[in-house]
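Participant: Chains as they are written, first to last, in this note's numbering: chain V, 29 to 269; chain A, 29 to 269. Glycine included, each C-beta is placed from N, C-alpha and C at the ideal position. If you're wondering where the values come from, they're calculated on a predicted model, not measured in any experiment.
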DNA sequence: CCAAAAGTGTTGGCTCTACACCCATGA
DNA sequence: TCATGGGTGTAGAGCCAACACTTTTGG
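1) Should residue 206 of chain V and residue 253 of chain V be called a contact, given that it needs their Cβ atoms to be closer than 8 angstroms?
2) Counting only Cβ-Cβ distances shorter than 7 angstroms, please list the residues of the stretch 124-143 of chain A near chain V, keeping chain order.
3) Do the stretch 255-268 of chain V and the stretch 69-88 of chain A make contact, defined as three or more Cβ pairs closer than 8 angstroms?
4) Within a Cβ cutoff of 6 angstroms, which residues of the same chain sit near residue 105 of chain V, ignoring the five residues on either side of it in sequence?
5) Using a 10 Å radius around the Cβ and a threshold of 16 neighbouring Cβ atoms, would you call residue 258 of chain V buried or exposed?
6) For the pair the stretch 142-152 of chain V and the stretch 117-125 of chain V, tell me if three or more CB-CB distances fall below 8 angstroms.
7) Along chain A, in chain order, which residues have C-beta atoms closer than 8 angstroms to that of residue 188 of chain V?
8) Alpha carbon to alpha carbon, what distance is there between residue 152 of chain A and residue 115 of chain A?
9) Is residue 135 of chain A near residue 98 of chain V, with beta carbons less than 8 angstroms apart?
10) Report the three-state DSSP secondary structure of residue 171 of chain V (helix, strand or coil).
11) If you follow the alpha helix (DSSP H) that residue 114 of chain V is in, where does it begin and where does it stop?
12) Which of the residues in the stretch 194-225 of chain V, read from start to end, lie with their CB under 9 angstroms from any CB of chain A?
13) Measure how close the beta-carbons of residue 163 of chain V and residue 76 of chain V come, nearest whole angstrom, since I'm counting them as under 8 angstroms.
14) Reducing DSSP to helix, strand and coil, say where residue 254 of chain V ends up.
15) Give the interface partners of residue 59 of chain A over in chain V, defined as CB-CB distance under 7 angstroms, in chain order.
16) Note down the Cα distance separating residue 160 of chain V from residue 93 of chain V, rounded to an integer number of angstroms.
17) Look at residue 234 of chain A and residue 242 of chain A and say whether their C-beta atoms are less than 8 angstroms apart.
18) Which residue comes first and which comes last in the alpha helix (DSSP H) that contains residue 235 of chain A?
19) Which of the residues in the stretch 101-118 of chain A, read from start to end, lie with their CB under 7 angstroms from any CB of chain V?
20) Is it buried or exposed for residue 128 of chain A, if we count other Cβ within 10 angstroms and need 16 for buried?
21) Name, in chain order, the residues that DSSP records as bridge partners for residue 93 of chain V.
22) Using DSSP bridges, identify the partner residues of residue 265 of chain A.
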């Protein structure tokens, strides 16, 4: 997040921050969190952006975020802002990197701890309330111009997601409770942006033992597909040797 | 770092922070950096700790750190505090993780961005000036009780270092300009805490093409060893496929 | 019976590991 | 000449990538 000067500042301290930006010796940098949310919708990887209502970057899009409050854990702050801005309550959350360039927000020195969030169902996100003009999902491959250094955050988050697909069960956070192998494969192929050999992929994933085969099948237009779920939803590093 | 209440507070704001800890609504969390420095000395992996002079954790050991100033980049702050506390000027620096538990420092809510620093020569660190009582190198495998959550930082840093030894040229930051293969091998074996097959190791490293063989040799008590240096000192991810 | 997606095995190449002996030098 | 650390090669196992056909269902 960044100092977006919420129209009614929550406390005297918040306006003090702006004054401080003008007389730098008088204040400390502020701490914010920003969260890059990913979800898959319509076979595309998407991320939720909010449109800023105030400030120099007004009208620009950004990731949901906000200042960390005294006494608050960083991930609590990320969850609070995520819920306030998108309505998302449950999400896998992971700290990415902390961006601290004092010029990243032209109005104040705001150090932002970037998080990545993953959700299984993009429809749990609703348009935000008062803080932002608008909010909606964008395809990751077609983002609008982003405010602040949020493009860097987007790239960092995508890189982390790709990397962790290869050696963890992180994909479980982007899929519904049950899914078919074809869906899992499509997820990998889409995010990694490369074709995947179905037979090798199936063998590799099954050998990790992170999936549970369900007795049910999904019936569609053609041959029914076996349903699977992840054996553990807890984060897990997988040996691929 | 943490709010160590430097005896003469640098500004009115700094004392305000302590007051704020008592009336949480009035202030924002502060931002600090803490740096875990690693160096190899006497065939051991060591890290530099400073002994706190003030505060509840007085007398405890901690990593060098301090508050980030307005207008300052995070890594600049880390370098500044590192130099002030250890005299180290040049170091490889890498951001690790941001620790934000509001209770990590009992006196104030301080969000700390942890860094890892690597240096080639432990002797470039000198005992610190006024901020700390003492400062010296400790073997990583025999750390004293650490203040705050600095044990977590130590573990995180060591984990990162081990991981990156395997797929980057990060080791170059812990070695002098030139070195023998035996020295490189000893470094890996020591940090990874496992024996390394000399022949396989040599083949693997050479196949990465990150080393340059120098014409010179090092003469010692026995057969002279060929000298090497890293072809690139810039961070580099190595394909080990 | 046709279209479409699901499901299944094998092979060759390559990488990794395990392992033991000779070499060059100083003392 | 001996002690010490430096330097080298090979063979077997296991992993990975490449590759195409059969099965099951709905229409």
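Facilitator: In this structure, then:
1) no
2) 125, 126, 128, 129, 130, 137, 139, 141
3) no
4) 61, 96
5) buried
6) yes
7) Going along chain A, no residue has its Cβ under 8 angstroms from residue 188 of chain V, so there is no contact; the nearest lies around 13 angstroms.
8) 7 angstroms
9) no
10) coil
11) 102-114
12) none
13) 6 angstroms
14) strand
15) 56, 57, 59, 139
16) 11 angstroms
17) no
18) 226-236
19) 101, 102
20) buried
21) V:62
22) A:196
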